[in-house]
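Whatever position you read off the sequence shown (first residue = 1), add 23 for my numbering.
Right, one structure below, let's go through it.
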Amino acid sequence: MELHELSPMPGSHKKKKRLGMGLGSGKGKTAGKGHKGQKARKSPDIGANFEGGQMPLARRIPKRGFSNFRFTVKYETVNLAELEDRFESGAEITAEELAALRLIRCACAPVKILGDGELSKSFTVKANAFSASAAKKIEAAGGKAEVI
24 MELHELSPMP
34 GSHKKKKRLG
44 MGLGSGKGKT
54 AGKGHKGQKA
64 RKSPDIGANF
74 EGGQMPLARR
84 IPKRGFSNFR
94 FTVKYETVNL
104 AELEDRFESG
114 AEITAEELAA
124 LRLIRCACAP
134 VKILGDGELS
144 KSFTVKANAF
154 SASAAKKIEA
164 AGGKAEVI
């Protein structure tokens, strides 16, 4: 087989429908857009929630309450089982090392160590937060849990 003998699979390339090219084309005159109106124009840029200029439902309904969601701290989380697998005994674990091993996405985000899994090695773990069980397990294994 030569390069010039290659061709796409039959039916994989469909020709573009040429709109508005006469009555015989099947999409002549109005090009499938019906007659007049906002959606027949060049750019019908209306959103799914557009109500024809009427005040939208989302703005008609009164808003109540307050949410602290915007102000919550979003931690990158790591379980003790992952630390046990990836690090040698006596290692000092920081956010930069966790990011280098791709246990967290970014070393710039705050890190929280969670207590899922067992720990037999002793580490010095430096993180922004620890769950109570994680701190207890690190101390029990002879390591240190340092909050930075």
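Where is the CB? At the ideal position from N, CA and C, for every residue including glycine.
The C-alpha of residue 102 lies about 13 Å from the C-alpha of residue 159. From the listed residues 137, 131, 59 and 46, the smallest Cα separation to residue 156 is found for 137. If you draw a straight line from the Cα of residue 51 to the Cα of residue 132, it comes to about 57 Å. When the beta-carbon positions are compared, residue 42 and residue 54 come within less than 7 Å of each other. Excluding five sequence positions before and after residue 122, the CB atoms of its chain that fall closer than 8 Å to its own CB belong to 128, 129 and 130, given in chain order. Counting along the chain, the unbroken beta strand (DSSP E) around residue 137 starts and ends at 134 to 137. When C-alpha distances from residue 117 are compared across 151, 108 and 58, the shortest belongs to 151. Of the other Cβ atoms in all chains shown, fewer than 16 fall within 10 Å of the Cβ of residue 170; this residue is therefore exposed.
Fewer than three pairs of CB atoms, one per stretch, sit closer than 8 Å, so the segment 54 to 68 makes no contact with the segment 108 to 115.
The beta carbon of residue 39 lies closer than 8 Å to none in the same chain, with the five residues before and after it left out.
Residue environment: residue 134 is assigned as buried (16 or more neighbouring CB atoms within 10 Å of its CB, all protein chains considered).
Residue pairing for residue 148: DSSP places it in a beta bridge opposite 116 and 168.
By the Cβ-count criterion, residue 84 is exposed, with fewer than 16 other Cβ atoms from all chains shown falling within 10 Å of its own Cβ.
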